[in-house]
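Take a look at the structure set out below.
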Amino acid sequence: MKTKNNLCIAEWQSFGIDEINTICKDKARAEKIFKELIEFAKYEDNQSFLRLIRNNGTDKLKAQNFVGLIQTKSGFCVEILPKTFRTEKEGQGFSGAYEKNKDEAKEILLKMLKSLKNSPFKQTQISTLRAQKFPLLEIFILMFLEELEKLIKKGMRSDYISKEENRKFLKGKLLFNENLKHNFAHKERFYTASDEFSQNIAPNRIIKSTLELLSKQNLSPKTSSRLNFARFVFAQISPSKNIEQDLSKGLQSRLFKPYEMLLLWCELFLKQKSFTPYQGHSKAFALLFDMNKLFESFVAQRIKKWLSSEGFRAKNPHYQTSMQYMGLEQKELQIKTQEKTKFLAQESNQNVFQLRPDIIAYDKNNTFFIADSKWKILNAQDKHYKISQSDMYQIFAYLAKYQCKKGFLIYPQIQQDEATDTKEFVFKASMLHTSSSQMSLYMLFFPLCES
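Under the UniProt record's numbering, the first residue of the sequence shown carries the number 1, and numbering increases by one thereafter.
Set out below in C-alpha cells:
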C-alpha cells in the first residue's frame, strides 16, 4: 500500500530532501520533514539511529544498524528495514535492481521480531505475507488490535476501586475532614469514600490512552474502522493520568494475566520502548530495534525449534545444512543463550570481564559448541571475508574459557551468497590444560528466509 507519508530505506542507506520529495511530491514539505529528522538525529544519543553526513556538498541523513520506524511530528514516517543484500557502496539501499528486496526485508524483520522473548510480537497470528502490503507502523497497530479484540471477546476485567465523592446520601466511609471542608453549609450532603466494582481500572486506562494515541495516525479505512470500534468499547474508560504507575499495576498483578501481551504493546507505543536506548520525546515517534540483537534472537530461536520440533524441521528444510554443520542432527543437546557464568579474569580475587556467549550447546555436562551471531554482510571476495579480528579474539576467549573444541561465528546468508560454503579456521594454539587438542572455528552462513 503506497503512501505519500512513508519513505522506505535499508540499514546504512543515506537519504536527503530529494528522496523525501520523491515520496511526498512537495519540495517545501520535503524540506520541512528533513529538518524535523535532523532535529531527531541531533537529539541526545540519537546518532546511534540516524547520523547527519555531508555527501558531495549536500546534507544527508544516514541510517545505522537499527531497524523500525521514525515518524516526525508532521506525520511523515521513515521505515528502516534490514539490509539483506550487498551493494557497491554502503550508503546504497532499495534502488534500481534492489527495489524488489523491500518485501523480503520486511518479511525477515517481522520473523525476527516474533523471535524476541518477552515481547508482544511473539504471539501474533498475523501472517508476514498479509502484512507486507502495509506500512510498518500500521502492521504494529494491526498486531495490537488483534490482541485487543481477543480481550474484548473474552470480556474486559473489572475490579474494586476506591472512589471519593460528595453525595446526597451516606455510602461507604464518611471522611470527616473533607466533609467539614465541603459541606459546612450543606448538612444534607456527605463526603464519603467507597469501594466500587468498576472497569475504570489501571490496565483499561492504559489501553484507552494507547487507543487515543493511535487514533491520530493516518491508517487504511479497514484498520481505522477496527480502531474506532475498540475506542467505542472503551468510551466510558478514562485515559491514564500516570502511565508508569498504571502499567506497573497491570503488569505485576496476577488478576490481569490475560492483559499481559496487550500491556506490552501499550508500553511499546506509549513509552516507545523497543529494545533500544531510545526513549520517546516530542521531536518524533520512534520504534527501533538493534539488528544485532534481532539476529541473535532469531538464530537462537531457530536452533531451539530445530531440536525440539519435528514439525518445524519438516517445514523448514532450508536450515538443514546449517544445522548439520553444528552437529544438531544426531545429538540430544541443551541450548542456553546469553549465559553469564564465567569471567575472563580476576582482579584482587574478584571476577572481572564477564563472558556472555550468544549460544552454548551442552551435550550432557560437556560443552559441545559455542556460537556467536554477527549481523554483518560478508564478502567471499575479500581477504578472510573481512571477518573482524575482534570477533575472532572473542570466540577464542569463549572456547578457551569453556574448554570447548568447536565454535561458530554465524553470519546472515544473503541471496548473493547462497552457494558460499561454510569456512573452517583452526586455532593452532593449544587449549588450556590440554597440550594436544586444537580448537576449530567455523564461519557459518545462516538462512534468513525460505529458499
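Just so it is clear, CB atoms sit at the ideal spot from N, CA and C, and this is done for glycine as well.
Straight-line Cα distance separating residue j from residue i
| i | j | result |
| --- | --- | --- |
| residue 257 | residue 162 | 22 Å |
| residue 116 | residue 358 | 14 Å |
| residue 209 | residue 265 | 12 Å |
| residue 75 | residue 217 | 8 Å |
| residue 370 | residue 395 | 8 Å |
| residue 347 | residue 403 | 22 Å |
| residue 379 | residue 259 | 46 Å |
| residue 84 | residue 77 | 21 Å |
| residue 296 | residue 373 | 6 Å |
| residue 4 | residue 294 | 29 Å |
| residue 302 | residue 66 | 22 Å |
| residue 339 | residue 355 | 8 Å |
| residue 37 | residue 272 | 17 Å |
| residue 64 | residue 251 | 33 Å |
| residue 405 | residue 440 | 6 Å |
| residue 108 | residue 90 | 20 Å |
| residue 244 | residue 320 | 45 Å |
| residue 39 | residue 102 | 27 Å |
| residue 400 | residue 442 | 15 Å |
| residue 16 | residue 388 | 31 Å |
| residue 113 | residue 68 | 10 Å |
| residue 308 | residue 242 | 43 Å |
Those residues which DSSP pairs with residue i across a bridge
| i | result |
| --- | --- |
| residue 370 | 360 and 407 |
| residue 79 | 8 and 69 |
| residue 335 | 361 |
| residue 347 | 350 |
| residue 413 | 447 |
| residue 290 | 66 |
| residue 55 | 58 |
| residue 455 | In this structure the chain extends from 1 to 451, so residue 455 is not present and cannot be described. |
| residue 285 | 71 |
Cut-off 7 Å between Cβ atoms - residues of its own chain near residue i, not counting five sequence neighbours on either side
| i | result |
| --- | --- |
| residue 88 | none |
| residue 249 | 202 |
| residue 376 | 411 |
| residue 233 | 152 |
| residue 386 | 378 and 379 |
| residue 226 | 145 |
| residue 413 | 445, 446, 447 and 448 |
| residue 397 | 344 and 355 |
Residues near residue i by beta carbon distance below 6 Å, same chain, minus five either side
| i | result |
| --- | --- |
| residue 300 | 337 and 359 |
| residue 351 | 343 |
| residue 144 | 265 |
| residue 312 | 305 |
| residue 361 | 333, 335, 368 and 369 |
| residue 261 | 120, 123 and 147 |
| residue 105 | 81, 82 and 84 |
| residue 246 | 202, 205, 206 and 240 |
Chain-order list of residues whose beta-carbon lies under 8 Å from that of residue i (same chain, five-residue window excluded)
| i | result |
| --- | --- |
| residue 236 | 199 and 200 |
| residue 255 | 157 and 159 |
| residue 167 | 189, 190, 191 and 192 |
| residue 238 | 200, 205 and 208 |
| residue 33 | 20, 24, 72, 74 and 76 |
Residue i classed as buried or exposed, judged by whether at least 16 other C-beta atoms fall within 10 angstroms
| i | result |
| --- | --- |
| residue 10 | buried |
| residue 170 | exposed |
| residue 275 | Here residue 275 scores only 48 on pLDDT, less than 50, and its place in the model should not be relied on; the value that follows carries that caveat. Classification for residue 275: buried. |
| residue 58 | exposed |
| residue 393 | exposed |
| residue 6 | buried |
| residue 457 | No information on residue 457 is available, as it lies outside the stretch 1 to 451 that the chain covers here. |
| residue 349 | exposed |
| residue 407 | buried |
| residue 184 | exposed |
| residue 54 | exposed |
| residue 230 | buried |
| residue 19 | buried |
| residue 52 | exposed |
| residue 60 | buried |
| residue 47 | exposed |
| residue 49 | buried |
| residue 72 | buried |
| residue 13 | buried |
| residue 215 | exposed |
| residue 26 | exposed |
| residue 99 | exposed |
| residue 438 | exposed |
| residue 353 | exposed |
7 Å Cβ cutoff, residue i in contact with chain C
| i | result |
| --- | --- |
| residue 395 | Annotation note: the requested chain C is absent from the structure, which comprises a single protein chain. |
Near the ligand ADP: residue i beta-carbon under 6 Å from a heavy atom
| i | result |
| --- | --- |
| residue 239 | You won't find the ligand ADP in this model; it holds no ligand whatsoever. |
Quick one: complete beta strand (DSSP E) runs, 3+ long, within the segment 150 to 211? DSSP assignment within the segment 150 to 211 yields the following whole beta strand (DSSP E) runs of 3 residues or more, N-terminal first: 159 to 167 and 190 to 198.
Alpha helix (DSSP H) runs contained entirely in the segment 8 to 53, provided each spans 4 or more residues: Correct list: 17 to 24 and 27 to 42.
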